[in-house]
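The structure appears below as structure tokens.
2 protein chains.
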Amino acid sequence: MDQSDELITIKAIGHVRSRFDSYAPSDEMQAHPSEIVVHADFVDGLMGLEAGGQILTLFLLHRAMAVGYELQLHPGHNPDNPIRGVFSTRSQYRPNFIAATVARIQSIRHDEATGEAVLNVTELDAQDGSPVIDIKPYRASLDTPAS
Amino acid sequence: MDQSDELITIKAIGHVRSRFDSYAPSDEMQAHPSEIVVHADFVDGLMGLEAGGQILTLFLLHRAMAVGYELQLHPGHNPDNPIRGVFSTRSQYRPNFIAATVARIQSIRHDEATGEAVLNVTELDAQDGSPVIDIKPYRASLDTPAS
Numbered sequence: 001m002d003q004s005d006e007l008i009t010i011k012a013i014g015h016v017r018s019r020f021d022s023y024a025p026s027d028e029m030q031a032h033p034s035e036i037v038v039h040a041d042f043v044d045g046l047m048g049l050e051a052g053g054q055i056l057t058l059f060l061l062h063r064a065m066a067v068g069y070e071l072q073l074h075p076g077h078n079p080d081n082p083i084r085g086v087f088s089t090r091s092q093y094r095p096n097f098i099a100a101t102v103a104r105i106q107s108i109r110h111d112e113a114t115g116e117a118v119l120n121v122t123e124l125d126a127q128d129g130s131p132v133i134d135i136k137p138y139r140a141s142l143d144t145p146a147s
Numbered sequence: 001m002d003q004s005d006e007l008i009t010i011k012a013i014g015h016v017r018s019r020f021d022s023y024a025p026s027d028e029m030q031a032h033p034s035e036i037v038v039h040a041d042f043v044d045g046l047m048g049l050e051a052g053g054q055i056l057t058l059f060l061l062h063r064a065m066a067v068g069y070e071l072q073l074h075p076g077h078n079p080d081n082p083i084r085g086v087f088s089t090r091s092q093y094r095p096n097f098i099a100a101t102v103a104r105i106q107s108i109r110h111d112e113a114t115g116e117a118v119l120n121v122t123e124l125d126a127q128d129g130s131p132v133i134d135i136k137p138y139r140a141s142l143d144t145p146a147s
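Protein sequence lines, in the order shown, are assigned to chains A and B.
Once you know that position 108 of the first sequence is 108 in the working numbering, the rest is easy, because the numbers rise by one and skip nothing.
Once you know that position 100 of the second sequence is 100 in the working numbering, the rest is easy, because the numbers rise by one and skip nothing.
This is the structure in structure tokens:
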């Protein structure tokens, strides 16, 4: 099997509500709270998550997806920065357009009308409408380099 | 648009070579070196990665994918552990079957015959043959909780 030709299908488990609907630096987005809306079909998977918990959030860079990716680029779109491979940057314009950021849950509420759950979070750097594809509890042994 | 119904297609940029071809605890897998083989089409994206660098590696839990996911489960498949939601665990049996682990590059070599690049890494917990879907430089502001 030539795995480079294999296509895999994934689906959103939720989406982000944020005040940012266009590009902003990560640290600016992380300074503002945002929300992760978990779709009704996946709410049962949240059992055990609590306010104060730290979550590795995987989401899609959906606006970049509409543009396409580049294997080599000037970081920060600044031609003064020497060209680098996309895998040595956190550029949005990457194959598969998946972002990973650790956020902190401030509160969780359930919307009885829609069946959705809404996680109020801080430290997330996702634009409004970003499809969320996974939530994992932060675990230092997997998410932090060994020293 | 109902994003829960939206399907997104992703593709492998490479695959893992590991001595583990069936389930083993993460810490056991992390104790052994493994390799990330980057397919020729994506090798240009590696420019700037170097030995010693720490990379957040996204890969597919391809063996779990063949089984299916569960929204609630006994962690560690141990019925003595109370049931939890999958998003509060690092279970393999999760929607989208994507794993995220920070590894360290020990060396990088290029295979002139195939055009592939091979990253020798430590601290990765991927089974043999796992499709790799992204490599990102570790960045504490995104990958570590604010204290």
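Just so you know, even glycine gets a beta-carbon here, dropped at the ideal spot from N, CA and C.
According to the DSSP secondary-structure assignment, Q54(A) is paired through a beta bridge with R104(A). Taken through DSSP and simplified to helix, strand or coil, S34(B) comes out as strand.
At a cut-off of 8 Å between beta carbons, V102(A) contacts chain B. Put simply, the CB of F87(B) is near chain A, with a gap under 8 Å to one of its CB atoms. At a Cβ-Cβ threshold of 8 Å, Q106(A) and N120(A) count as neighbours. Within the model, the alpha-carbon separation for K136(B) versus N81(B) is close to 34 Å.
Per DSSP, D143(B) is one residue of the alpha helix (DSSP H) stretching across A140 to D143. Around the beta carbon of V67(B), fewer than 16 other beta carbons lie within 10 angstroms, which makes this residue exposed.
Residue pairing by DSSP places P137(A) opposite I55(A) in a beta bridge. The DSSP-derived three-state label of P131(A) is strand. For the 8 Å CB-CB criterion, I133(A) and A103(A) do not form a contact. Here R63(A) carries a helix assignment [DSSP, helix/strand/coil]. Annotation for H32(B): R19 place their beta carbon closer than 7 Å to its own, counting only its chain and skipping 5 residues before and after. Here the alpha carbon of D41(A) sits roughly 13 Å from the alpha carbon of V118(A). In this structure, the beta-carbon distance from S91(A) to L73(A) falls below 8 Å.
Among the CB atoms of chain A, one or more fall inside 8 Å of the CB of L142(B).
Of the candidates V43(A), S141(A), L46(A) and P131(A), the residue whose Cα lies closest to the Cα of H15(A) is P131(A). M29(B) places its beta carbon less than 8 Å from that of D125(B).
A Cβ-Cβ separation of about 7 Å places Y69(B) in contact with V86(B) under the 8 Å criterion. Of all residues in the stretch 66–79 of chain B, only L71 and Q72 come within less than 8 Å of chain A when Cβ atoms are compared, listed by chain position. Contact check for R84(A) and G48(B): beta-carbon distance about 4 Å, within the 8 Å limit, so the pair qualifies. Taking a C-beta cut-off of 7 Å against chain A, the contacting residues of the stretch 38–58 of chain B are H39, D41, F42, D44, G45, L46, M47, G48, L49, Q54, L56 and L58, listed in chain order.
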